[in-house]
Amino acid sequence: MVTIRPMTIEDYDEVFALWQITSKRALSSADERQPMAMYLERNRGLSQVAVCNGKIVGTVLAGHDGRRGFIHHMAVLPDYRRRRIGHALAETAITGIEAEGIAKTHIFCYQNNETGQNFWRDFGFVKRDDVFVFSYEKKE
53 MVTIRPMTIE DYDEVFALWQ ITSKRALSSA DERQPMAMYL ERNRGLSQVA
103 VCNGKIVGTV LAGHDGRRGF IHHMAVLPDY RRRRIGHALA ETAITGIEAE
153 GIAKTHIFCY QNNETGQNFW RDFGFVKRDD VFVFSYEKKE
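Here the sequence shown stands for residues 53 to 192, where the numbers follow our numbering.
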């Protein structure tokens, strides 16, 4: 049986190990312990983990900026896919974001991630072609 519960910083090591399997190319310094602790504190209760027999098998990092919701690092271990765990994680995160008064949620999905694109499309997300993402990173 799989249970969904809020992610805490105590879950960090196990969640980060899961991301190493499922989301490694999307990880950055923002995903280190300290920034993650700040994110979880700022967006308390919105990020979730899926637990089966005491093991974290899925996760969704979710939050908002006061206007829009965002989902990051939605991941399920390969052996646990196709059991609607991802759907339950996403639904719980989005419901939490909506409860904060946020009506729109975004997900960033790599162009070559067809599985992810299909998942989000089937979930009800609409791919936008009218915007580009530009990023700025502080120079050391």
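No residue lacks a Cβ here, since even glycine has one placed at the ideal position from N, Cα and C.
According to DSSP, is residue i part of a helix, a strand, or is it coil?
i: GLY115; result: strand
i: GLN163; result: coil
i: ILE128; result: First, the amino acid is wrong: residue 128 is Val here, not Ile. Looking at VAL128 - three-state DSSP - the assignment turns out to be strand.
i: ARG96; result: coil
i: VAL109; result: strand
i: GLU192; result: coil
i: PHE68; result: helix
i: SER81; result: helix
i: LYS179; result: coil
i: ARG173; result: helix
i: GLU143; result: helix
i: GLU62; result: helix
i: GLU150; result: helix
Rounded C-beta distance between residue i and residue j? I'm assuming under 8 Å.
i: VAL109; j: VAL54; result: 7 Å
i: ALA151; j: ILE56; result: Going by Cβ atoms, the distance from ALA151 to ILE56 rounds to 15 Å, so no, they are not a contact pair.
Could you work out which residue in the options is closest to residue i when comparing CA atoms only?
i: ALA145; options: THR111, TYR132 and GLN169; result: THR111
i: SER75; options: GLY153, ILE137, PRO87 and PHE160; result: PHE160
i: HIS158; options: GLN100, TRP172 and MET90; result: TRP172
i: GLU189; options: SER80, GLU152, PRO130 and ASP63; result: SER80
i: LYS107; options: ARG119, HIS125 and ASP131; result: ASP131
i: ALA102; options: PHE175, ALA127 and GLU150; result: ALA127
i: LEU98; options: PRO58, ASP182 and TYR162; result: PRO58
i: HIS125; options: ARG119, ARG134, ALA142 and ARG133; result: ALA142
i: ILE123; options: ASP182, LYS156 and ILE137; result: LYS156
i: ASP181; options: ARG85, GLN163 and GLN86; result: GLN163
In the DSSP output, what is residue i paired with across the bridge?
i: THR157; result: GLY121
i: ARG57; result: VAL101
With three or more beta-carbon pairs closer than 8 Å as the criterion, would you say the stretch 94 to 103 touches the stretch 111 to 120?
yes
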